[in-house]
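So that you can map any letter, position 37 of the sequence shown is 37 in our numbering, and since no number is skipped, the others follow by simple counting.
Ideal placement from N, C-alpha and C gives every residue a C-beta, glycine not left out.
Working notes, beginning with the structure itself.
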Amino acid sequence: MMLQTAPPQLRGQWPACPVCPHLYADPAAAGPPTDPASHRCDRTPSYTHGVMSGLRTGALDHRLAQLSEAQLASWPLLVQLRRERLGSS
Numbered sequence: 001m002m003l004q005t006a007p008p009q010l011r012g013q014w015p016a017c018p019v020c021p022h023l024y025a026d027p028a029a030a031g032p033p034t035d036p037a038s039h040r041c042d043r044t045p046s047y048t049h050g051v052m053s054g055l056r057t058g059a060l061d062h063r064l065a066q067l068s069e070a071q072l073a074s075w076p077l078l079v080q081l082r083r084e085r086l087g088s089s
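Dropping the structure here:
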């Protein structure tokens, strides 16, 4: 699956991920907004670089637990990620 970041003409049209900025010591490390239909936090370049990009250990599961599936409804791969990591709810 190819990671998609917003091309210049679409920046500002895609919403920021409700999870990624909470994963890093510096929220800017999360990168630009991506297409909600194809975004999955654990597949971003920043996440795969881990602590080198300021990733906080355990932050992904913590943030996913804070959000309900209803809050993530427009981010289908985040709903899938939440179910995989935390179980169905």
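Within 10 angstroms of the Cβ of residue i, are there 16 or more other Cβ atoms? Answer buried if so, exposed if not.
| i | result |
| --- | --- |
| Arg-63 | buried |
| His-39 | buried |
| Leu-55 | buried |
| Leu-94 | Residue 94 falls outside the range modelled here, since the chain spans only 1 to 89, and no answer is possible. |
| Gly-31 | buried |
Assuming the contact rule is C-beta atoms closer than 8 Å, residue i and residue j should be a hit. Round their C-beta distance to whole Å, please.
| i | j | result |
| --- | --- | --- |
| Trp-14 | Thr-44 | That pair is no contact at about 14 Å. |
| Leu-18 | Leu-67 | For the record, residue 18 in the displayed sequence is Pro; it is not Leu. With 8 Å as the limit, Pro-18 and Leu-67 qualify as a contact, their Cβ atoms being about 6 Å apart. |
| Ala-29 | Ser-53 | 5 Å |
Is any non-hydrogen atom of the ligand SAM found closer than 7 Å to the C-beta of residue i, if you look at the structure I gave you?
| i | result |
| --- | --- |
| Ser-53 | No copy of the ligand SAM appears in this structure; indeed no ligand is present at all. |
Opposite residue i in the DSSP bridges: which residues?
| i | result |
| --- | --- |
| Tyr-24 | Leu-55 |
Using C-beta distances below 6 Å, list every residue in its chain close to residue i, excluding the 5 sequence neighbours before and after it, in chain order.
| i | result |
| --- | --- |
| Val-79 | Glu-69 and Leu-72 |
| Cys-20 | Ala-30 and Cys-41 |
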